[in-house]
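A.B. asks: Using my numbering, you'd call the opening residue of the sequence shown number 14 and step up by one each time. Glycine included, C-beta positions come from ideal geometry on N, C-alpha and C. Owing to the predicted nature of the structure, the values given are computational and were not obtained by experimental measurement. Here you go, one structure.
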Amino acid sequence: MNDFAIVTDSSCDLPAELAEELELTVLPLSFEIGGKEYLNYLDGRAMPPHDYYELLRKGEPARTAAVNVDAFVGAIEPLLKAGKDVLVPAFSSGLSNTCNAARMACEEMSAKYPERKVICVDTLCASLGQGMLIYYAVQKKREGKSIEEVRDWLEQNKLHLCHLFTVDDLMHLKRGGRIAPTVAFIGSMLNFKPIMHVDDTGKLAMISKVRGRRASLDALVDQMEKIAVSPQTQTVFISHGDAPEDAEYVASEVRRRLGVKDVIVNDVGPVLGTHAGPGTMALFFFGSHR
């Protein structure tokens, strides 16, 4: 029996049209800026990403909030009542409480509907890394894999989903507590750009640093060359913080240097963009290790 639904959250940063084509239920996280709260819908209906990043550039303070248990229950229960099992691949527990809320909702629904399967997976992924993992999970589902088989595939492959990213302004990472104030200050003075990744615990970690924006973009592809597995057979994902020209440059380099045919590019949504800032550039692919 292959009749199960996939529910996730908006930190996946998938293009709205692709999420619809994949038949996903996507719950929005929320963000607050200018004293108003908005929901982070994939289609940007509450606030388009460009408008949000313009506010960040102007120095508007912002904060974010996870999806709560009630929201997950509200999305999962109607699917169970309709006779479907439910798989919930959620935003990394190392970066948000969203996964904990998803797990609690799944436990509550499993107790209430013991005849149904309700499974939560901590993807340990973020942005289009989460989106890419789910994209491939849907392909497995469409191949006829069961909910348990897709869960097992997610668990076996999530730590091979590589997240490489850089930011244009270190101060956003400083405000979010991701790097020390002295590191941000000195790095900004010297025009250092960090090359970072999401590690095996689902948290942000520094790999190296380079001087200058173009060097940081090239460094992402350099690192991909070192650890990507059969990149020419992959659909590679790129997300960016209101920097479409730089995203196209990275995409062209990935195609030229690694023989990648298919690349999906989308915005980093406001929730993750709050912590990484305008100019964020992220590259996602399957590799030998993170």
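1. Determine the direct distance from the alpha carbon of residue 157 to that of residue 130, and round the result to whole angstroms.
2. Residue range of the beta strand (DSSP E) that residue 279 falls in?
3. So, for residue 78: in the same chain, excluding its five sequence neighbours on each side, which residues have a beta-carbon less than 7 Å away from its beta-carbon?
4. Between residue 100 and residue 144, what straight-line distance do the alpha-carbon atoms span, to the nearest angstrom?
5. Leaving aside the five residues before and after residue 82 along the sequence, list all residues of the same chain whose C-beta is less than 6 Å from its C-beta, in chain order.
6. Quick one: give me the first and last residue of the alpha helix (DSSP H) that residue 118 is part of.
7. In angstroms, rounded to a whole number, what distance separates the CA positions of residue 291 and residue 168?
8. Would you mind sorting residue 279 into buried or exposed? The rule is 16 or more other CB atoms within 10 Å of its CB.
9. Taking 7 Å as the CB-CB cut-off, is residue 153 touching chain C?
10. In terms of residue numbering, what span does the beta strand (DSSP E) encompassing residue 296 cover?
11. Within the continuous alpha helix (DSSP H) that includes residue 267, where are the two ends?
12. What first and last residue would you give for the beta strand (DSSP E) that runs through residue 18?
13. Throw me the rounded Cβ distance for the residue 273 and residue 247 pair, which I believe falls under 8 Å.
14. Could you name the residues of the same chain whose beta carbon sits closer than 6 Å to that of residue 36, not counting the 5 residues immediately before and after it, in chain order?
15. Grab the span of the beta strand (DSSP E) containing residue 73 for me, first residue to last.
C.D. replies: The short version:
1. Separation of residue 130 and residue 157 (C-alpha to C-alpha, rounded to the nearest whole angstrom) is 17 Å.
2. 275-280
3. 42 and 43
4. 14 Å
5. 114, 117 and 118
6. 111-125
7. 32 Å
8. buried
9. Of the protein chains in the structure, only one exists, and it is not chain C.
10. Counting along the chain, the beta strand (DSSP E) containing residue 296 begins and ends at 294-299.
11. 257-271
12. 17-22
13. 7 Å
14. none
15. Element bounds for residue 73: n/a, residue is neither H nor E.
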